[in-house]
Amino acid sequence: MKTFLIFMLIFTTSLLAQDHLTKPAVNRADFIKGADLSELLAIETHGGVFTENGLPKDALAIFSDHGINYVRLRIWHTPAQGYNNLDRTLQMASRIKSAGLKFLLDFHYSDTWADPAQQAKPAAWATAPFETLKDSVFQYTRQVMTALKQQNTLPDMVQIGNEIICGLLWNDGRVCDPFNNSQHWSQLAELIDEGLRGVNESLDPGDTVRTMIHIDRGGDNGGSRWFFDHLLAQNVEFDIIGLSFYTWWHGSLSTLESNLHDLAQRYGKAIILVETAYPWTLAWNDNTNNIVGTSSQLHPGYPATVAGQKNFLYDILNIVRNIPNNKGAGVFYWAPDWIAAPQWGSPWENLALFDFSGEVLNSIDAFDSTLSGLSEIPNSPYSFHLDQNYPNPFNPDTRIRYELPQSSQVILKIYNILGQEVRKLVDRFQIAGAYSVVWDGKNEAGQQLSSGAYIYTLQSGNERRWRKMLLLK
């Protein structure tokens, strides 16, 4: 212990913030690495051009070449400008399938944006009695699915509604106050069931389409439980829980991870983070106000830089990838293509995965893999891998990652500069794989520790490695 303490003391005086180490490749064949490209046709029509190494290239090819395996499209009933209607959806679906990618179709059941703040019925259904509205949902859903099937572009996954934390097709399917009552929950369930029936009755034996229910509460466990407890009490049958997570609206990565783990255990369903994004700059390139433009909207430890965007995306992928029991099914980046075109402004331009000229950013390479064990990394000098914590320096919490090439007893501890143990984070047998642990800067008694240098050590079997980190308040 004395030698170990001296070794720590020598190095802690040089403790500085450090970047992520080179990231290991992430590989699970069924893990979804998706992009919502619902804006693509409009961007192209208005003169937007995407490039790689300065050369024009089809956006779908760029995404596919960098690890994207799934594309999400929203569909609106009768949009004013035509974008995202059935004809445009058929056009995009054909391109998606031709590129060898899978396809998630997002029914908004509206003529425009449907989200937590608005769920307006299509104008064609605005005055329909409830039973007629239900039939309209069924007929429309089946019509769309049949049209896609007839051109051999059947979606691989369908979501019934978009961010429906307060329901859909307001007010008939509205469930937030003052509509949070048994009648409206029953009506919401009936409307969703009609959408699901429309999907199912468009399929032939042998067709497989997974179904999703999507809300916005990625970092809100109470809100997530409230919605899915009520919905599942209505016996609605679906395959996947979908969540949105934007740090400026939905909390921290820690609250996201905690919520995902709880939902997986509580409901036993696969989970997809179906919308997320992060800025690579706080600057702007057009006259359209950007949704994210101030440092107060950023997550601690992730600057608005290309590296910050890449690290955020990498960490999001691995948080979902590491949901217990393989319940983490994937992540979709929302509108990574939404650059400002000459005649088409973008409030999302600094959240895209392209710079203002349309050149792809290297942050896209976070998709190029999902975590794999060290056994797949050649010539590794260590039997296990311990990453530098991130962020570092940190306040209030930081994430520690490690990878085990084989199953073993694992002990992860935190020490102060005096070599005194302040917290044991892990002490259990773990199977081979990648792991991520958050330390909240507190000791075993739950007391917040003071600013200063700390050491974390990982022991796997008979081997131990350590790294230094800095808590700054």
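0 is the number of the first residue of the sequence shown in numbering that gives the first Met the number 0; add one for each residue after it. Ideal Cβ placement from N, Cα and C applies to all residues, glycine included. The structure displayed is predicted, hence computed values, not measured ones.
Quick check on DSSP: helix, strand or coil for residue i?
i	result
residue 420	strand
residue 392	coil
residue 290	coil
residue 345	coil
residue 108	coil
residue 96	helix
residue 246	helix
residue 264	helix
residue 433	strand
residue 77	coil
residue 148	helix
residue 59	helix
residue 438	strand
residue 372	Confidence at residue 372 is low in this model, with a pLDDT of 27, below 50, so its placement is unreliable and the value that follows should be read with caution. Reduced to three states, the DSSP call for residue 372 is coil.
residue 337	coil
residue 306	helix
residue 444	coil
residue 274	strand
residue 19	Reliability fails at residue 19, whose pLDDT of 35 lies under 50, so the model's placement of it is uncertain and the value that follows must be treated cautiously. Residue state, collapsed to three classes: coil.
residue 1	Low confidence applies to residue 1: its pLDDT is 41, below 50, so where it sits in the model is not reliable enough to give any reading.
residue 174	coil
residue 192	helix
residue 297	coil
residue 326	coil
residue 137	helix
residue 130	helix
residue 42	helix
residue 163	coil
residue 231	helix
Using 10 angstroms around the beta-carbon of residue i, count the other beta-carbons present and answer buried if the total reaches 16, otherwise exposed.
i	result
residue 106	buried
residue 390	buried
residue 45	exposed
residue 133	buried
residue 207	exposed
residue 96	buried
residue 423	exposed
residue 99	exposed
residue 310	buried
residue 21	Here the model assigns residue 21 a pLDDT of 32, short of 50, so the residue's position is not dependable and the matter cannot be decided.
residue 39	buried
residue 129	exposed
residue 250	buried
residue 326	buried
residue 204	exposed
residue 293	exposed
residue 158	buried
residue 246	buried
residue 472	exposed
residue 36	buried
Could you compute how far the alpha carbon of residue i sits from the alpha carbon of residue j?
i	j	result
residue 469	residue 392	5 Å
residue 319	residue 341	36 Å
residue 460	residue 384	13 Å
residue 414	residue 453	6 Å
residue 232	residue 185	10 Å
residue 192	residue 135	12 Å
residue 403	residue 429	8 Å
residue 284	residue 62	23 Å
residue 188	residue 89	28 Å
residue 15	residue 139	With a pLDDT of only 30 at residue 15, under the threshold of 50, the placement of this residue in the model should not be trusted; the figure read from the coordinates follows. Rounded to whole angstroms, residue 15 to residue 139 spans 58 Å at the Cα level.
residue 351	residue 407	41 Å
residue 25	residue 65	Annotation note: pLDDT 40 at residue 25 (below 50); position unreliable, coordinate value reported separately. When rounded, the distance between both Cα atoms is 13 Å.
residue 173	residue 114	12 Å
residue 437	residue 131	50 Å
Using a Cβ-Cβ cutoff of less than 8 Å, which residues in the same chain neighbour residue i once the five nearest sequence positions on both sides are dropped?
i	result
residue 463	456 and 457
residue 151	96
Based on the DSSP output, what are the partners of residue i in its beta bridges?
i	result
residue 143	Its beta-bridge partners do not exist; DSSP assigns none.
residue 473	One cannot answer for residue 473 here, as it falls past the ends of the chain, which runs 0 to 472.
residue 463	458
residue 211	158 and 239
residue 410	426 and 458
residue 468	453
residue 169	119
residue 365	According to DSSP, which records beta bridges pairwise, residue 365 is partnered with nothing at all.
residue 70	34 and 102
Between residue i and the rest of its own chain, which residues show a CB-CB distance below 6 Å, the 5 nearest in sequence each way excluded?
i	result
residue 271	239, 241, 328 and 329
residue 78	84 and 110
residue 167	108, 118 and 160
residue 358	50
residue 269	239, 326 and 328
residue 465	454 and 456
Within a Cβ cutoff of 7 Å, which residues of the same chain sit near residue i, ignoring the five residues on either side of it in sequence?
i	result
residue 345	285, 287, 337, 338 and 339
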